[in-house]
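Counting from 1, one number per residue, gives the positions in the sequence shown under full-length UniProt numbering.
For glycine and all other residues, C-beta sits at the position ideal for the given N, C-alpha and C.
Only one structure is covered here, and it is reproduced in the block below.
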Amino acid sequence: MTISPRANRGPSAAPENRAALIGAARMIFATRGLDAPLSAVAKEAGVGQGSLYRHFPTRYSLALAVFEENADELESIAAQEGSTLSDVLRAITAQAIVSTAFFEMIEIEKTDDAGRHLIDRISSVVESKLPAARAAGRVADCITTEDVLLGIAMLAGALAKTVHDERPAVATRVWVLLPFGPD
């Protein structure tokens, strides 16, 4: 749904514009990929390109804002009483099915401090759930956080090459191949 441009309300509209840009970018990146034109994001958000670039001077800064919300969601799930590694992996899978752009950006930018920060957040979430998964016999003692992150990268790679409608079935197949996939 395209939002009609609003009258310029000046600085008071900044938080609303930022939220609209992040929401529009999430949708555009999910449907058209991380390389989608930023003009499409501005148009979908109902703001001018000047507003887009005031809030997000680069594509990367916009993508980070979108994907910080994904990391927030994973941390929230991990913080819930009784949540498991399987819960986290199911949430990651759901995010990857909707859009592989999050995982593509992390892979591309993992040497950048901000990209590294996202990887570190996901790594911390996984690491926080591994001891309980090991204790429950769900995950072998030899499986490390890096192994799980590699599995997530494998999932994202497979889904990036899969048409959207087939992604859930492919995700299931990927996790069946790995000894720590969600149950």
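Beta-carbon separation (whole angstroms), residue i vs residue j, contact threshold 8 angstroms
i: V41; j: A30; result: Actually they are not in contact, since the Cβ atoms of V41 and A30 sit about 12 angstroms apart, beyond 8 angstroms.
i: G151; j: L118; result: That belief does not hold up - the Cβ atoms of G151 and L118 are roughly 17 angstroms apart, past 8 angstroms.
i: S83; j: I77; result: 6 angstroms
i: L155; j: L85; result: Going by Cβ atoms, the distance from L155 to L85 rounds to 14 angstroms, so no, they are not a contact pair.
i: A171; j: A101; result: Not confirmed; about 16 angstroms, so no contact.
Inter-residue Cα distance where the pair is residue i and residue j
i: R138; j: K43; result: 47 angstroms
i: A71; j: D35; result: 21 angstroms
i: T162; j: P57; result: 31 angstroms
i: Q49; j: I143; result: 46 angstroms
i: G46; j: E73; result: 26 angstroms
i: D141; j: S99; result: 31 angstroms
i: E75; j: L62; result: 20 angstroms
Environment of residue i [buried if 16+ CB atoms lie within 10 Å]
i: A169; result: exposed
i: V126; result: buried
i: G181; result: buried
i: H164; result: exposed
i: S39; result: exposed
i: S51; result: buried
i: A79; result: exposed
Close-in-space but distant-in-sequence residues of the same chain around residue i (CB under 6 angstroms, 5 per side omitted)
i: D147; result: none
i: V66; result: I22, A25 and R26
Chain-order list of residues whose beta-carbon lies under 7 angstroms from that of residue i (same chain, five-residue window excluded)
i: V174; result: M154, L155 and A158
Closer than 8 angstroms to chain C by CB, residue i
i: A30; result: Judged by its chain identifiers, the structure shown contains no chain C, having just a single protein chain.
Cutoff 8 angstroms; reference residue i; Cβ partners in own chain excluding five residues on either side
i: A20; result: I3, A45, G46 and V47
>> Give the list of continuous alpha helix (DSSP H) stretches no shorter than 4 residues that lie fully inside the region 104-148.
In response: Those alpha helix (DSSP H) runs which fall completely within the region 104-148 and span 4+ residues are 113-135.
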